[in-house]
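Novice: Below: one structure in structure tokens.
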Amino acid sequence: MSSLAIDLHKVTVMKGGKQLVSDIDWQVGVGERWVLFGPNGAGKTTLLQVISTYQFPARGTATILGERMGRTDVRQLRPRIGYVGPAPAALVRRHLPCKDVVITGLHASFVDTRWHSYTSADRESSRMRLEQMGVADLADRAFATLSEGEMKRVLIARALMAQPDLLLLDEPGTGLDLGAREGLIASLSALEEREKELTVVLVTHHVEEIPRGFESILILSEGRVRAAGSIRKMLTGETLSEIYGIPLTVSSLQGRYQATGSTLH
3 MSSLAIDLHK VTVMKGGKQL VSDIDWQVGV GERWVLFGPN GAGKTTLLQV ISTYQFPARG
63 TATILGERMG RTDVRQLRPR IGYVGPAPAA LVRRHLPCKD VVITGLHASF VDTRWHSYTS
123 ADRESSRMRL EQMGVADLAD RAFATLSEGE MKRVLIARAL MAQPDLLLLD EPGTGLDLGA
183 REGLIASLSA LEEREKELTV VLVTHHVEEI PRGFESILIL SEGRVRAAGS IRKMLTGETL
243 SEIYGIPLTV SSLQGRYQAT GSTLH
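Residues 3 to 267, numbered by my numbering, are exactly what the sequence shown covers, in order.
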């Protein structure tokens with residue numbers, strides 16, 4: 003098995019004649035936790051779609067979990083990738099109770115449970131995944147009745163159901179209030195303790211959403227890599243000031259980060 007979960011070399015993605023990302027080189031080791039960071043329009047979601055195998059590069063090579071895109075059957079690869087984002091979330095059958103939403107993740111399926119057979123062990127695993135994300139009490143609630151924060155945590159539990167090798171989280175904190183965001187971040191930090199072999203990529207454009215336990219960062223701007231490596235070394239006020247065009251300062255406390263602008267007098 004390859005020691006790299008993600009290996010991108012000179013990846014370029016085109017749409018409508020425009021380069022969305024250009025010449026991306028990125029290597030992610032098995033079991034690593036990475037943040038994919040940058041402003042809106044930087045190319046984060048486009049790059050995540052490449053990693054999820056739903057977007058093929060126009061140029062360059064993408065090797066995911068040891069399988070090179072273009073030379074492998076992505077239908078066999080996709081069950082090894084848990085993907086949580088707006089696109090898959092829109093496919094969830096919202097009338098289902100949460101325990102059924104989670105268990106359908108076993109087959110990377112969005113249909114009702116009647117289309118597959120599930121064992122008592124599968125149902126117990128569904129319950130455990132909900133508990134792992136701190137929402138075990140929602141098992142019998144219809145998905146449609148949940149708050150946005152609760153939905154995000156149920157969807158991550160669903161993505162974990164098939165025991166993927168790679169988990170991709172596309173801006174899971176979007177739309178959450180402070181309490182819901184902090185609950186989600188705490189659940190993601192706990193993955194470090196329980197899922198040591200799981201490789202995780204978290205997309206965000208807010209440094210405050212970076213959970214403890216995530217140690218590496220790829221910073222994009224205008225479709226290109228601006229920095230890659232240790233969060234402590236790469237997530238600096240100098241880098242963010244250059245990207246956003248305003249003076250910014252980055253501070254950290256107990257493994258969490260904050261970015262603030264200069265106060266005008």
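We treat Cβ as the ideally placed atom computed from N, Cα and C, and that holds for glycine.
Where are the alpha helix (DSSP H) runs, 4 residues long or more, that stay fully inside the stretch 35-85, in chain order?
Specialist: If we require 4 residues or more, the alpha helix (DSSP H) runs fully inside the stretch 35-85 come out as 46-53 and 76-79.
Novice: Let's see if you can read the secondary structure: which residues bound the alpha helix (DSSP H) around Leu243?
Specialist: It is Ser, not Leu, that sits at residue 243 in the sequence shown. Its alpha helix (DSSP H) spans residues Gly239 to Tyr246.
Novice: Using three-state DSSP, classify Val15 as helix, strand or coil.
Specialist: Here Val15 sits in strand by DSSP.
Novice: Which ranges does the beta strand (DSSP E) cover as unbroken runs of at least 3 residues, wholly within the stretch 186-255, from first to last along the chain?
Specialist: Counting only runs of 3 or more, we get 201-206, 218-223, 226-232 and 250-255.
Novice: Quickly, what does DSSP pair Ala144 with across the bridge? List them, please.
Specialist: BP columns for Ala144 point to Pro99.
Novice: On the premise that Arg214 lies in contact with Gly257, defined as a C-beta separation below 8 Å, what is that separation, rounded to the nearest angstrom?
Specialist: Right, the Cβ-Cβ distance comes to about 4 Å (below 8 Å), so this counts as a contact.
Novice: With DSSP as the reference, please indicate the residues paired to Tyr134 in a beta bridge.
Specialist: Going by the sequence as given, residue 134 is Gln instead of Tyr. None, per the DSSP bridge assignment.
Novice: Taking the alpha carbon of Gln165 as the point to measure from, which residue in Val32, Gly107 and Cys100 has its own alpha carbon closest?
Specialist: Nearest option by C-alpha distance: Gly107.
Novice: Please classify Ser122: does DSSP put it in a helix, a strand, or coil?
Specialist: Of the three classes helix, strand and coil, the one that applies to Ser122 here is helix, per DSSP.
Novice: Any idea what DSSP makes of Thr106, helix, strand or coil?
Specialist: Looking at Thr106 - three-state DSSP - the assignment turns out to be helix.
Novice: To which residues does DSSP link Arg258 through a beta bridge?
Specialist: The partner list for Arg258 (beta bridge, DSSP) reads Leu255.
Novice: Any chance the stretch 135-152 sits against the stretch 87-106, with 3 or more Cβ pairs inside 8 Å?
Specialist: In short, these stretches touch, since the Cβ pair count reaches three.
Novice: Within 10 angstroms of its Cβ, does Lys17 collect 16 or more other Cβ (buried), or is it exposed?
Specialist: Answer is exposed; the Cβ neighbour count stays below 16.
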